[in-house]
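Numbering (this note's numbering), first residue to last: 45 to 342.
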Amino acid sequence: MTRVLVSGGAGYVGRFIVEHLLASGYKVTVGGRTPPPAGFFSRDVAFVPLHLDPDIDQIDAFENIYYFVHAAFAHIPGKYRGGEGDDPQGFRRANLDGSVRLFEAAKDAGVRRCVFLSSRAVYGPQAPGVPLSEDMQARPDTLYGRVKLDGERSLQALCSHNFITACLRVTGVYGPAGPGRPHKWQALFEDYLAGRPVPVRVGTEVHGDDVASAVRLMLEADPMRINGEVFNVSDVLVDTRDILTFVKAAQNCLHPLPAPAERAGFNSMATDRARMLGWQPGGMERLAATVETPTNGA
Numbered sequence: 045m046t047r048v049l050v051s052g053g054a055g056y057v058g059r060f061i062v063e064h065l066l067a068s069g070y071k072v073t074v075g076g077r078t079p080p081p082a083g084f085f086s087r088d089v090a091f092v093p094l095h096l097d098p099d100i101d102q103i104d105a106f107e108n109i110y111y112f113v114h115a116a117f118a119h120i121p122g123k124y125r126g127g128e129g130d131d132p133q134g135f136r137r138a139n140l141d142g143s144v145r146l147f148e149a150a151k152d153a154g155v156r157r158c159v160f161l162s163s164r165a166v167y168g169p170q171a172p173g174v175p176l177s178e179d180m181q182a183r184p185d186t187l188y189g190r191v192k193l194d195g196e197r198s199l200q201a202l203c204s205h206n207f208i209t210a211c212l213r214v215t216g217v218y219g220p221a222g223p224g225r226p227h228k229w230q231a232l233f234e235d236y237l238a239g240r241p242v243p244v245r246v247g248t249e250v251h252g253d254d255v256a257s258a259v260r261l262m263l264e265a266d267p268m269r270i271n272g273e274v275f276n277v278s279d280v281l282v283d284t285r286d287i288l289t290f291v292k293a294a295q296n297c298l299h300p301l302p303a304p305a306e307r308a309g310f311n312s313m314a315t316d317r318a319r320m321l322g323w324q325p326g327g328m329e330r331l332a333a334t335v336e337t338p339t340n341g342a
């Protein structure tokens, strides 16, 4: 059975990846600063200490590892963009230099494939309404976006026929956050159900398990079709009203819905490249099912 090391496997997105790979028959090792709590995953996983520190040689962490999925990211709690806080140098050192050191260690250890979770933030500002495609010029306007883009380029420089690499530009992720953790829209739902004002926003979203299925696709696809490439991972374009429509129906809430957001100028994400490999996200049906199930949250 093939073993996969998932850095940041106990994180919000990492947990989806770990669970999906376990369900797909992989053996999984979770890499991170501390072991996941007992019972955090549905099945047993191995654990190895792993740090975003370019000064540490961590090649031993990759012993007997066939694939490496890099989902770890150091940031202040609750923020990715702006996650550097008041330490941009430390943020870059951990998330770029530390990541590159792990990529190099993985390659030196003989890992066959490496998948890097990048971000929609690499695109930065683009012409209003133009879908974001992988071949357009990236113009990140945040440190987060620049670090992710530099991470992509560093990994691409390492790719070879023996070290297959792929980068996933992931949009906002929704889905159950795991035992004892609030989901991303919990405060929004609570405010709406209590009759308090809610913000009117629009954005692209993808379920965490659909991110995980894209990761698995990178581990199983023909190497010639993915090596050194980047892939957008996004599903639905929704606003606050869309999301709360499902909450209103599920909870029989009488409060009025917020006004629709202006979405004509918003940049959706083109996902043709991933879909051509067979990726099929859940769409609005999955969003509705997730939001309408109280035990799931969103």
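Glycine included, C-beta positions come from ideal geometry on N, C-alpha and C.
Bear in mind the structure is a predicted one, so any value in this text is a computation, not a measurement.
Classified as buried, ARG157 has 16 or more neighbouring CB atoms from the shown chains inside 10 Å of its CB. In the displayed model, PHE233 falls within a helix according to three-state DSSP. Under the DSSP assignment, THR248 falls in the beta strand (DSSP E) whose first and last residues are 246-251.
Per the C-alpha coordinates, the member of ALA210, GLY173, GLY189, GLN230 positioned closest to ARG164 is GLY189. Listed in chain order, the alpha helix (DSSP H) elements of length 4 or more contained wholly in the stretch 113-158 are 132-136, 142-152.
Taking C-alpha positions only, ARG137 is separated from ALA150 by approximately 19 Å.
For the pair ASP266 and GLY142, the Cα-to-Cα distance works out to about 29 Å. Within the DSSP secondary-structure output, ALA210 pairs in a beta bridge with VAL159, GLU273.
Within the same chain, and ignoring the five residues on either side of PRO79 in sequence, the residues whose Cβ sits closer than 7 Å to its Cβ are PHE91. Here the stretch 199-209 does not lie against the stretch 248-259, with fewer than 3 beta-carbon pairs under 8 Å apart. Secondary structure note for PHE91: its beta strand (DSSP E) is the uninterrupted segment 90-93.
Ranked by Cα distance from PRO81, the options VAL291, ALA54, LEU94, ILE103 are led by ALA54. Taking 7 Å as the cut-off, the beta carbon of PRO175 is found no closer than this to the beta carbon of ALA67. Looking at the DSSP output, LEU49 bridges to THR73, PHE112.
Residue range 216-218 is occupied by the beta strand (DSSP E) that includes GLY216.
Distance between LEU65 and VAL113, taken at the CA atoms: about 11 Å. If the five residues before and after ALA293 are omitted, its C-beta is found closer than 8 Å to the C-beta atoms of GLU336, all from its own chain and listed in chain order. Within the same chain, and ignoring the five residues on either side of ALA308 in sequence, the residues whose Cβ sits closer than 7 Å to its Cβ are GLY173. In the displayed model, LEU288 falls within a helix according to three-state DSSP. Taken atom to atom, the span from the alpha-carbon of THR73 to that of VAL50 is near 6 Å. Residue state for ASP283 is assigned as strand, using DSSP reduced to three classes. By DSSP's assignment, MET313 forms a beta bridge with LEU176. Between THR209 and GLY154, the C-beta gap is not smaller than 7 Å, which leaves the two residues out of contact. Look at ALA238 here: in three-state DSSP terms it is coil, with no helix or strand label. The beta carbons of ALA333 and VAL244 sit no closer together than 7 Å.
Annotation for LYS192: SER162, SER163, ALA165, VAL166 place their beta carbon closer than 7 Å to its own, counting only its chain and skipping 5 residues before and after. Per DSSP, HIS64 is one residue of the alpha helix (DSSP H) stretching across 56-67. Distance from the CA of GLY219 to the CA of GLN230, rounded to the nearest whole angstrom, comes to 11 Å. With a 10 Å radius around the Cβ and a threshold of 16 neighbouring Cβ atoms, GLN133 comes out exposed. Around the beta carbon of LEU232, 16 or more other beta carbons sit within 10 angstroms, so the residue counts as buried. Residue burial annotation: ASN296 is exposed, with fewer than 16 other C-beta atoms found within 10 angstroms of its C-beta.
Take ILE109, set aside five residues on each side of it, and the residues of its chain with a beta-carbon closer than 8 Å to its own are ARG47, VAL48, LEU49, THR73, ALA150, ALA153, VAL155, in chain order.
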